[in-house]
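Q: Before we start, here is the structure in question, set down as structure tokens.
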Amino acid sequence: MRIRPARRAELPLLQDIERAAGEPFRTFGMHTIADDEPPPLDVLEDYTRAGRCWVAAEEPDDHPVGYLLADRVDGAAHIEQVSVDPKAARRGVGRALIERLADWAEVQGLDSLTLTTFTGVPWNAPYYERIGFRTLAAGEVGEELREIRNQEAEHGLDRWPRVCMRRRLPPHPGA
18 MRIRPARRAE LPLLQDIERA AGEPFRTFGM HTIADDEPPP LDVLEDYTRA
68 GRCWVAAEEP DDHPVGYLLA DRVDGAAHIE QVSVDPKAAR RGVGRALIER
118 LADWAEVQGL DSLTLTTFTG VPWNAPYYER IGFRTLAAGE VGEELREIRN
168 QEAEHGLDRW PRVCMRRRLP PHPGA
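Okay, here's the thing in structure tokens:
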């Protein structure tokens, strides 16, 4: 497996990955999440053009099995979306994508990664805690991240408990 920038021609595959990654939410009664449509192609293309969309591609055919979209939020690299095809789950795909984002963030001079996630889903908050993220207290949530949470609430995601999380990055050499 290798992590690389997404290619425009494979953006429909990313939508397929997103749909497949949503299916396991049904086991938690989260049918709305499972049925949520993936980002539209124009949005995925914007992330790709901006250099903030990476895929995990299996060797030797270079077929994407996971992807990550990132934004800059409150001076951090924010994981807008990370999805892994369930057929490739539990092989370190998500972690590899997040580590690629951490490398990008360090080069950009950013000191942390952030995300929002569900607390009661094993591959969400509990997973992120295992790889170094911690839940932010209300007073630690920046203005932009707070706005993301407000948008999520308007979209109905607060039917299930959600949190904001951060992982600090080591200081960049020479900083």
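Going by the working numbering, the sequence shown opens with residue 18, and the numbers climb by one from there. We treat Cβ as the ideally placed atom computed from N, Cα and C, and that holds for glycine.
Since I believe Arg184 is in contact with Gly156 (beta carbons under 8 Å), could you give me their beta-carbon distance rounded to a whole number of angstroms?
A: At roughly 18 Å, the Cβ-Cβ gap does not stay under 8 Å, so Gly156 and Arg184 are not in contact.
Q: Between Leu31 and Leu61, which are expected to be in contact by the criterion C-beta below 8 Å, what is the C-beta distance as a whole number of angstroms?
A: Contact annotation, Leu31 with Leu61: C-beta distance approximately 6 Å; criterion of less than 8 Å satisfied.
Q: Should the segment 89–97 be called in touch with the segment 128–138, which here means at least 3 C-beta pairs below 8 Å?
A: yes
Q: Let's see if you can read the secondary structure: which residues bound the beta strand (DSSP E) around Leu114?
A: Element bounds for Leu114: not the beta strand (DSSP E) but the alpha helix (DSSP H), Val110 to Val124.
Q: Should Ala87 and Arg69 be called a contact, given that it needs their Cβ atoms to be closer than 8 Å?
A: yes
Q: Which residues in the same chain as Pro41 place their Cβ atom closer than 7 Å to its Cβ, once the five residues preceding and following it in sequence are excluded?
A: Pro103
Q: Which word fits Ala1, buried or exposed, when buried means at least 16 other C-beta atoms lie within 10 angstroms of its C-beta?
A: Absent from the model: residue 1. The displayed extent of the chain is 18 to 192, so no value can be given.
Q: Determine, using beta-carbon pairs with one atom in the segment 18–38 and one in the segment 65–81, whether at least three such pairs fall under 8 Å.
A: yes
Q: Mind pulling the beta strand (DSSP E) runs of 3 or more residues that sit fully within the segment 24–106?
A: 70–75, 80–90 and 93–101
Q: Helix, strand or coil for Leu153? Go by DSSP, reduced to three states.
A: coil
Q: Between the Cα of Trp121 and the Cα atoms of Arg36, Leu85, Glu161 and Ala105, which residue gives the shortest distance?
A: Leu85
Q: Confirm, please, whether the CB-CB distance from Ala119 to Val180 is below 8 Å.
A: no
Q: Where does Gly137 land, buried or exposed, given buried means 16+ other C-beta within 10 angstroms?
A: exposed
Q: Run through DSSP, which three-state label would Ile148 get?
A: Annotated three-state conformation of Ile148 is coil, per DSSP.
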